[in-house]
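A.B. asks:
Protein chains: 2
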Amino acid sequence: MTNDPGLTTPGPRRTGAPLITPVKVPKPAELFADMLREKIFSGEFPTGEALPPERTLVEQSQLSRATVREALGVLKQQGLLITRPGRTGGSIVSRPTTKDLVGSIDLYVQAQGWDSDTRTLVETREVVEPWCAAMAAERRSDSELDEMRHHNSAMEADLDHVERYLEASSAWHVAVATASHNPLLSALMHASRQAMITGTQASRFHRHEAREQSWQAHLAITEAIAAQDAARAHELMGGHVRPGDGSVTDLLGG
Amino acid sequence: MTNDPGLTTPGPRRTGAPLITPVKVPKPAELFADMLREKIFSGEFPTGEALPPERTLVEQSQLSRATVREALGVLKQQGLLITRPGRTGGSIVSRPTTKDLVGSIDLYVQAQGWDSDTRTLVETREVVEPWCAAMAAERRSDSELDEMRHHNSAMEADLDHVERYLEASSAWHVAVATASHNPLLSALMHASRQAMITGTQASRFHRHEAREQSWQAHLAITEAIAAQDAARAHELMGGHVRPGDGSVTDLLGG
DNA sequence: CGCGTCACTTTGGTCCGACCATAGGACTTG
DNA sequence: CAAGTCCTATGGTCGGACCAAAGTGACGCG
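Each protein sequence line maps, in turn, to chains A and B. If you're matching positions, the first sequence starts at 1 in the working numbering and goes up one per residue. If you're matching positions, the second sequence starts at 1001 in the working numbering and goes up one per residue.
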């Protein structure tokens, strides 16, 4: 039944032919997803606009609704679509956010297993953060500077409250990364920090003096950024982020 | 119908109440995907093992097959599952590969629009590549060194063939990044390079002398890595990657 | 006995039709 | 005219059916 009983059957199959490359059989859902993504990137479906309803796409593409929905699901996962139910709902064309990228990096790091990758995370921060600080010094807006100072104040106020201190510290680092106006490095720094936090259980063991010391460091870096002194911001952040004894908690608090 | 016609209707609704947080309504597919992801991370479904068949998951989860498949599709997108049809097929538990991560970063960069982000990409490489070179100098294996030298030879052989030269150059950079044994920085470098290539149309306009000069630079860096001289590898890569005139094509060829 | 062939079984992939939940808009009604 | 009610378009879920891929084993022929 599933055979092809025409022509010269049962002639022998011509084997040993000149090397056949494995034929790629694309699945309908993937094809349709690629097609939609292409139309999105080409501007045929502008950002912010809504795609046609699923049922319309079904009759246009001659595919089943399940397949269409699978393709839409892929794009939704990639951050290219956001869908809302209801009458005026639909699939609105969007762009992947920094949060999406952070999520991908975090998932990747998390899935590799913390034990083997703590060095990777530490190293990455050592490389990236000083440069984020330097760029922030050159490009910060006044409001971004205000936000850093706000978090500095929060850290000072919470010197005795470990969790809230770490939270404020994290917010400060994120603010610095954001002020660098380099979304790639910012996302990478954000993600490696996030991965370290979820990896360790946020390190309750932390001495007060360590927090005070790290708070002073944050303050100094903020001032360098305020003065738009990129070289000094870079140098200070390098010394701040590089752990003296290699302990993870120092780096987290810092 | 959708009202609640009991009690003191039609009494006025108590507005201005103590502030109700928007109730989060989790969709079944998301819940199930989170549940499976949790079981994967916890080791309950070890890497390499197969999940139960979809139909079994359906009766265990009391959900429809469509919902189960949507959840599986999410995990598949995230690189946590790979599925194969056929009798011994199924959903095999996996880990997101570096390629997955590169894909995410590439998509992100691509979606932001090339025009506004070329500076971001250039900067990122300026920051990341020198450190990759330094780490590679410290950690390279002999086989990794061999691969770099192999690509060096290919570059020399293809000095007159722009496309193949760029290809070999790209392979060399990837080899260096891989030898750094830092998957995060490696993926970031790989992705930013990939994004630049797909962004520009691979720059046919390239002078022979420029290629010769860049080839010499590659060779010198390879030798520094061979000598395990991290500081020199870092310095050379920094000078190599930083464009003299800011042109993108120089950076691509480099 | 050996080996190819074919049916069978298990699995993911696709399709269809129906219904549910949501959220605007049009309509009715006091 | 205002407030409530019904309608409708849309995404989300469901159940069942069939198709396609791929291993297993029985069968039959030489």
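Heads up, the beta-carbon is just placed ideally off N, CA and C, and yes, glycines get one too.
(1) For residue 1086 of chain B and chain A, any beta-carbon pair shorter than 9 angstroms?
(2) Hey, which unbroken runs of the alpha helix (DSSP H) at 4 residues or more fall wholly within the region 138-207 of chain A?
(3) Taking Cβ to Cβ, would you say residue 54 of chain A is nearer than 9 angstroms to residue 65 of chain A?
(4) Please list the terminal residues of the continuous alpha helix (DSSP H) segment that includes residue 83 of chain A.
(5) Verify whether the separation of the beta carbon atoms of residue 168 of chain A and residue 154 of chain A is less than 9 angstroms.
(6) 9 angstroms is my cut-off, CB to CB: does residue 202 of chain A come that close to chain B?
(7) Grab me the residues of residue 1039 of chain B's own chain with a C-beta within less than 8 angstroms of its C-beta, minus the 5 sequence neighbours each way, in chain order.
(8) Starting from the Cα of residue 1052 of chain B, find the closest Cα among B/1081, B/1170 and B/1028 and give me that residue.
(9) How about residue 23 of chain A: is its C-beta nearer than 9 angstroms to some C-beta of chain B?
(10) Output the distance between the C-alpha atoms of residue 1128 of chain B and residue 187 of chain A, rounded to the nearest integer angstrom.
(11) Taking the alpha helix (DSSP H) that residue 25 of chain A belongs to, which residues open and close that run?
(12) Given residue 190 of chain A, which residues of its chain have a CB within under 7 angstroms of its CB, disregarding the five upstream and five downstream residues?
(13) Between B/1197, B/1028 and B/1232, which lies nearest to residue 1122 of chain B when the distance is taken from Cα to Cα?
(14) To which residues of the same chain is residue 1131 of chain B closer than 8 angstroms at the C-beta, ignoring the five residues directly before and after it?
(15) Counting only beta-carbon atoms, is residue 140 of chain A nearer than 9 angstroms to chain B?
(16) At the level of alpha carbons, what is the spacing between residue 1236 of chain B and residue 1106 of chain B?
(17) Looking at chain B, is there any beta carbon in it that lies within less than 9 angstroms of the beta carbon of residue 100 of chain A?
(18) Just the chain B side, please: which residues come within less than 9 angstroms of residue 221 of chain A by C-beta, in chain order?
(19) At what residues does the beta strand (DSSP E) containing residue 1090 of chain B begin and finish?
(20) For residue 158 of chain A and residue 166 of chain A, I'd like the C-alpha separation in whole angstroms.
(21) Show which residues of chain A have a CB atom less than 8 angstroms away from the CB atom of residue 1091 of chain B.
(22) Name the chain A residues whose beta carbon is nearer than 8 angstroms to that of residue 1216 of chain B?
(23) Which residues of the region 1050-1075 of chain B have a Cβ closer than 9 angstroms to any Cβ of chain A? Give them in chain order.
(24) As a quick exercise: from A/148, A/92, A/60 and A/110, pick the residue whose alpha carbon is nearest that of residue 217 of chain A.
(25) Taking only the alpha-carbon atoms, compute the straight-line gap between residue 1160 of chain B and residue 1124 of chain B and give it to the nearest angstrom.
(26) The alpha helix (DSSP H) spanning residue 1070 of chain B covers which residue range?
(27) Comparing alpha-carbon positions, which option in A/136, A/143 and A/172 lies nearest residue 156 of chain A?
(28) Rank A/192, A/60, A/32 and A/145 by C-alpha distance to the C-alpha of residue 228 of chain A and give the top, closest one.
(29) Please report the distance separating the alpha-carbon of residue 1119 of chain B from that of residue 1109 of chain B.
(30) Is the CB of residue 1096 of chain B under 9 angstroms away from at least one CB in chain A?
(31) By alpha-carbon positions, which one of B/1192, B/1072 and B/1085 ends up nearest to residue 1030 of chain B?
(32) Who are the Cβ neighbours of residue 1067 of chain B in its own chain at under 7 angstroms, not counting the five residues just before and after it?
(33) Closer than 9 angstroms, CB to CB, is residue 77 of chain A near chain B or not?
(34) Spatial neighbours of residue 1212 of chain B within its chain, please: CB distance less than 8 angstroms, with the 5 preceding and 5 following residues excluded, ordered by chain position.
(35) Measure from the alpha carbon of residue 1097 of chain B to the alpha carbon of each residue in B/1088, B/1136, B/1137 and B/1078, then state which is nearest.
(36) Find the nearest neighbour of residue 162 of chain A within the set A/92, A/215 and A/141, judged by alpha-carbon distance.
C.D. replies: In short, the structure shows the following:
(1) If you number the second sequence from 1, residue 1086 of chain B lands on position 86. So, not an interface residue.
(2) 142-157, 162-179 and 183-199
(3) Taking the first sequence and counting its residues from 1, one reaches residue 54 of chain A at position 54. Taking the first sequence and counting its residues from 1, one reaches residue 65 of chain A at position 65. Their beta carbons are under 9 angstroms apart, which means residue 54 of chain A touches residue 65 of chain A by this criterion.
(4) Taking the first sequence and counting its residues from 1, the one referred to as residue 83 of chain A is at position 83. Premise fails: residue 83 of chain A lies in the beta strand (DSSP E), 81-84, not in any alpha helix (DSSP H).
(5) Numbered from 1 along the first sequence, position 168 holds the residue referred to as residue 168 of chain A. Numbered from 1 along the first sequence, position 154 holds the residue referred to as residue 154 of chain A. Contact: yes.
(6) The count along the first sequence starts at 1 and reaches residue 202 of chain A at position 202. With a pLDDT of only 46 at residue 202 of chain A, under the threshold of 50, the placement of this residue in the model should not be trusted; the figure read from the coordinates follows. Not closer than 9 angstroms to any Cβ of chain B, the Cβ of residue 202 of chain A fails to qualify, so no.
(7) By one-based count along the second sequence, residue 1039 of chain B stands at place 39. The residues are 1045.
(8) Position 52 of the second sequence holds residue 1052 of chain B. The candidate whose alpha carbon is nearest that of residue 1052 of chain B is B/1081.
(9) Your numbering for residue 23 of chain A matches position 23 in the first sequence. Chain B contact via Cβ: absent.
(10) Indexing the second sequence from 1 puts residue 1128 of chain B at position 128. Indexing the first sequence from 1 puts residue 187 of chain A at position 187. Approximately 14 angstroms, taken between the alpha carbons.
(11) Sequence index remark: in the first sequence, residue 25 of chain A carries index 25 (1-based). From DSSP, residue 25 of chain A is part of no alpha helix (DSSP H); its letter is neither H nor E.
(12) Counted from its first residue, the first sequence places residue 190 of chain A at position 190. Around residue 190 of chain A: 102, 174 and 177.
(13) The residue you call residue 1122 of chain B lines up with position 122 of the second sequence. Of the candidates B/1197, B/1028 and B/1232, the one whose C-alpha sits nearest the C-alpha of residue 1122 of chain B is B/1197.
(14) The count along the second sequence starts at 1 and reaches residue 1131 of chain B at position 131. Around residue 1131 of chain B: 1180, 1185 and 1234.
(15) Residue 140 of chain A sits at position 140 when you count from the first residue of the first sequence. Not an interface residue.
(16) Locating residue 1236 of chain B in the second sequence gives position 236, where the first residue counts as 1. Locating residue 1106 of chain B in the second sequence gives position 106, where the first residue counts as 1. One C-alpha to the other measures close to 27 angstroms.
(17) On the first sequence, residue 100 of chain A is found 100 positions in, with the first residue counted as 1. With 9 angstroms as the cut-off, residue 100 of chain A counts as an interface residue toward chain B.
(18) For the purposes of this step, residue 221 of chain A is identified with residue 221 of the first sequence, where counting begins at 1. Per Cβ cutoff of 9 angstroms: no residues; residue 221 of chain A is ~17 angstroms from chain B at best.
(19) For the purposes of this step, residue 1090 of chain B is taken as the residue at position 90 of the second sequence. Start and end: 1090-1093.
(20) Position 158 of the first sequence, counted from the first residue, corresponds to residue 158 of chain A. Position 166 of the first sequence, counted from the first residue, corresponds to residue 166 of chain A. Spanning the two alpha carbons is a distance of roughly 9 angstroms.
(21) As a first step, residue 1091 of chain B must be located in the second sequence, where it is residue number 91. Those within 8 angstroms of residue 1091 of chain B in chain A number zero; the least Cβ separation is about 15 angstroms.
(22) Counted from its first residue, the second sequence places residue 1216 of chain B at position 216. By Cβ distance, chain A contributes nothing, its closest Cβ being about 26 angstroms from residue 1216 of chain B, past 8 angstroms.
(23) 1066, 1069, 1070, 1073 and 1074
(24) Against the first sequence, residue 217 of chain A aligns to sequence position 217. If we check each option's Cα against that of residue 217 of chain A, A/148 comes out closest.
(25) Walking along the second sequence from the start, residue 1160 of chain B turns up at place 160. Walking along the second sequence from the start, residue 1124 of chain B turns up at place 124. Spanning the two alpha carbons is a distance of roughly 29 angstroms.
(26) By one-based count along the second sequence, residue 1070 of chain B stands at place 70. Unbroken alpha helix (DSSP H) run through residue 1070 of chain B: 1065-1077.
(27) Taking the first sequence and counting its residues from 1, one reaches residue 156 of chain A at position 156. Looking at the Cα atoms, A/172 is the closest of the given residues.
(28) On the first sequence, residue 228 of chain A is found 228 positions in, with the first residue counted as 1. That would be A/145, whose Cα lies nearest to the Cα of residue 228 of chain A.
(29) Translated into positions along the second sequence, residue 1119 of chain B becomes position 119. Translated into positions along the second sequence, residue 1109 of chain B becomes position 109. Cα to Cα, the separation comes out at about 11 angstroms.
(30) To locate residue 1096 of chain B, count along the second sequence from 1; it is residue 96. For residue 1096 of chain B, the answer is yes, since a Cβ of chain A falls inside 9 angstroms of its Cβ.
(31) Locating residue 1030 of chain B in the second sequence gives position 30, counting from the first residue. It is B/1072.
(32) Numbered from its first residue, the second sequence carries residue 1067 of chain B at position 67. Answer for residue 1067 of chain B: 1028, 1029 and 1032, listed in chain order.
(33) Numbered from its first residue, the first sequence carries residue 77 of chain A at position 77. So, interface residue.
(34) If you number the second sequence from 1, residue 1212 of chain B lands on position 212. For residue 1212 of chain B, where only same-chain residues beyond five positions count, the Cβ hits under 8 angstroms are 1159.
(35) Looking up residue 1097 of chain B in the second sequence gives position 97. Checked all of B/1088, B/1136, B/1137 and B/1078; the closest Cα to residue 1097 of chain B is B/1078.
(36) Counting from one through the first sequence, the residue named residue 162 of chain A turns up at place 162. Comparing Cα-Cα distances from residue 162 of chain A to each of A/92, A/215 and A/141, the minimum goes to A/215.
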